[in-house]
Amino acid sequence: MKTGVSLYSYQQSHFFKELTLEDQIREVGENLPGADGIEIVDEMSLRYPDPGEAFVAQWFGWMDKYGTVPVTMDVSFDVLQFRDHVMDHEEVAERLRHDIRLAHRLGFANVRVLSTCPLDVMVRALPEIERLGMRLGKEVHQPMALEGQQVTEIIDYAEKHATNAIGIVPDFGIFGFRPTEVLLAQYERRGAKRNASDAAVELSALLRAGQGPFDFADIARQTAGNLRSEFKRFFTTGESIPALKGPFEALRAFADERVPQPSELDYIVVAEAIMQSHTSFDTMRQLTGHVVSCHGKFNNMSEIPGRPGEYHDLAIDYEGAIKALKDGGYEGYINTEYEGQRYSQDRSRAEMMDEVDQVRRHHEMLRRLIAA
Numbered sequence: 338m339k340t341g342v343s344l345y346s347y348q349q350s351h352f353f354k355e356l357t358l359e360d361q362i363r364e365v366g367e368n369l370p371g372a373d374g375i376e377i378v379d380e381m382s383l384r385y386p387d388p389g390e391a392f393v394a395q396w397f398g399w400m401d402k403y404g405t406v407p408v409t410m411d412v413s414f415d416v417l418q419f420r421d422h423v424m425d426h427e428e429v430a431e432r433l434r435h436d437i438r439l440a441h442r443l444g445f446a447n448v449r450v451l452s453t454c455p456l457d458v459m460v461r462a463l464p465e466i467e468r469l470g471m472r473l474g475k476e477v478h479q480p481m482a483l484e485g486q487q488v489t490e491i492i493d494y495a496e497k498h499a500t501n502a503i504g505i506v507p508d509f510g511i512f513g514f515r516p517t518e519v520l521l522a523q524y525e526r527r528g529a530k531r532n533a534s535d536a537a538v539e540l541s542a543l544l545r546a547g548q549g550p551f552d553f554a555d556i557a558r559q560t561a562g563n564l565r566s567e568f569k570r571f572f573t574t575g576e577s578i579p580a581l582k583g584p585f586e587a588l589r590a591f592a593d594e595r596v597p598q599p600s601e602l603d604y605i606v607v608a609e610a611i612m613q614s615h616t617s618f619d620t621m622r623q624l625t626g627h628v629v630s631c632h633g634k635f636n637n638m639s640e641i642p643g644r645p646g647e648y649h650d651l652a653i654d655y656e657g658a659i660k661a662l663k664d665g666g667y668e669g670y671i672n673t674e675y676e677g678q679r680y681s682q683d684r685s686r687a688e689m690m691d692e693v694d695q696v697r698r699h700h701e702m703l704r705r706l707i708a709a
């Protein structure tokens with residue numbers, strides 16, 4: 338199993354112009370023992386859609402200089418870019434074909450599409466991926482589960498057509514089992530009650546144990562963004578899509594029993610409990626042959642009590658996830674993806690998280706768990 342970093346992890350330092358693209362690559366190559374993988378979001382790191390030949394030459398120069406390897410390029414599609422229409426599937430597929438060629442030009446082995454990308458679009462672009470000897474993976478992002486239709490349809494297609502060129506990119510957020518403490522802390526700074534944070538952690542534990550006040554199955558079919566917007570609509574109007582109305586009503590009752598005079602924000606905090614995937618480690622073990630690469634998602638690395646210099650994300654079960662990959666014989670990359678900086682962006686720059694330190698802590702954990 339190999340390790341690397343999605344440079345998305347350094348998004349804050351990139352935005353503030355504290356780390357250049359070369360600085361980010363150097364950090365991976367020189368300061369993360371055993372790591373060499375580079376993953377990028379195309380429009381963050383490149384002059385998109387064509388970075389130019391001078392950049393391409395410089396890019397490969399950096400790879401040689403710092404001993405790094407292009408692993409996965411992440412792409413997305415602005416389907417509203419035209420004033421007169423929403424892009425159809427063929428237009429999106431053509432954009433994806435372009436991005437595949439761009440990734441190949443930069444030496445990437447894989448291209449990752451977002452979890453909302455339809456299978457039809459991936460299939461339309463598959464001949465280009467196969468022609469170039471690359472792999473195309475769909476991100477499996479919380480609250481999606483590995484057992485859901487978005488995954489099974491890809492596995493079924495790959496097995497029916499005997500191709501390894503299409504697969505999945507599991508985001509380790511799917512192995513989260515409670516809201517991260519840095520998100521809850523941000524909510525409390527905004528005025529949420531501590532009782533609401535406690536209720537969110539309690540409800541998360543109940544749902545994980547299969548003892549929650551509602552069936553989690555319908556929720557797992559939604560994206561996190563859809564769940565948040567639908568819960569906001571439910572709270573404001575009492576309406577939501579039919580599959581979510583029952584769970585939302587039960588969630589509101591759960592909050593009412595635990596939070597004195599809950600505000601709208603308190604309800605939103607408790608609703609963070611439904612953003613977990615509750616996916617199975619055994620499913621991960623069985624699907625390792627279809628894994629293109631992994632996103633090592635985390636939101637905060639804190640020191641393990643009583644174990645100086647050793648770190649964990651207390652909201653994500655990394656030990657179980659890595660063991661499942663090892664048991665399944667996975668030999669690909671886990672690329673660190675830090676997203677917790679967004680939960681300190683209501684504070685001053687001096688109080689914001691140090692992305693470089695957080696990623697270094699994450700790699701301490703990865704080295705330790707992979708070697709275990």
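Quick note: the sequence shown uses the numbering used here, first residue 338, plus one each step.
Yeah, the Cβ is synthetic: ideal placement off N, Cα and C, and Gly gets one too.
Fair warning: this is a prediction, and the values are worked out from it, not measured in the lab.
Item	Value
Candidates Gly-474, Ala-522, Ile-437, Ile-611, of which the one nearest Arg-679 by Cα	Ala-522
Cβ-Cβ distance between Ile-605 and Ile-556 below 8 Å	no
Cβ neighbour criterion (16 or more within 10 Å) applied to Val-423	exposed
Touching by the beta-carbon criterion (3+ pairs, under 8 Å), the segment 466-483 and the segment 498-516	yes
Distance between Ala-546 and Tyr-648 (C-alpha atoms, nearest Å)	25 Å
Contact between the segment 682-691 and the segment 638-654 (3+ Cβ pairs under 8 Å)	no
As assigned by DSSP and simplified to three states, the class of Leu-369	coil
Segment contact flag, the segment 509-524 with the segment 423-443, C-beta cutoff 8 Å, min 3 pairs	no
Where Ser-566 sits in the DSSP three-state scheme	helix
Segments assigned alpha helix (DSSP H), at least 4 residues, entirely inside the segment 514-565	518-526, 531-545
Between the CA atoms of Val-365 and Leu-706 - distance to the nearest angstrom	19 Å
The ligand MG heavy atom lying under 7 Å from the CB of Leu-706	The ligand MG is absent from the structure shown, which contains no ligand whatsoever.
Beta-carbon separation (whole angstroms), Gln-479 vs Gly-510, contact threshold 8 Å	4 Å
Cβ neighbour criterion (16 or more within 10 Å) applied to Asp-436	buried
Pair within 8 Å by beta-carbon distance, Arg-527 and Leu-602	yes
Between the CA atoms of Glu-390 and Ala-652 - distance to the nearest angstrom	43 Å
Asp-421 - DSSP class collapsed to helix/strand/coil	coil
Beta-carbon proximity check, Met-381 vs Tyr-403, cutoff 8 Å	no
Every unbroken beta strand (DSSP E) inside the segment 607-663 [3 residues or more]	631-635
Inter-stretch contact (C-beta, 8 Å, three-pair minimum) for the segment 548-566 and the segment 625-644	no
Minimum C-alpha distance to Pro-386 - residue among Met-459, Asn-532, Phe-414	Phe-414
Cβ neighbour criterion (16 or more within 10 Å) applied to Arg-712	This structure cannot settle anything about residue 712, because the visible part of the chain is limited to 338 through 709.
Top-ranked residue by Cα proximity to Asp-373, from His-351, Val-408, Gln-349	Val-408
Distance CB(Val-448)-CB(Lys-475) smaller than 8 Å	no
Reduced DSSP secondary structure (H/G/I, E/B, other) of Ile-362	helix
Spatial neighbours of Gly-657 in its chain, beta-carbon cut-off 8 Å, leaving aside the 5 residues before and after	Phe-512, Phe-618
Alpha-carbon spacing of Leu-417 relative to Thr-357, whole angstroms	30 Å
Limits of the unbroken alpha helix (DSSP H) element including Glu-586	579-595
Endpoints, beta strand (DSSP E) assigned at Thr-340	339-343
Distance, Lys-497 Cα to Thr-489 Cα	12 Å
Between the CA atoms of Ser-681 and Ala-592 - distance to the nearest angstrom	25 Å
Own chain, CB closer than 8 Å to Leu-543, minus 5 neighbours either side, in chain order	Gly-549, Pro-550
Residue interval of the beta strand (DSSP E) (run including Lys-475)	472-477
Rounded C-alpha distance that separates Glu-567 from Ile-578	8 Å
Identity of the residue in Gly-470, Arg-434, Met-481, Arg-438 nearest Thr-453 by Cα	Met-481
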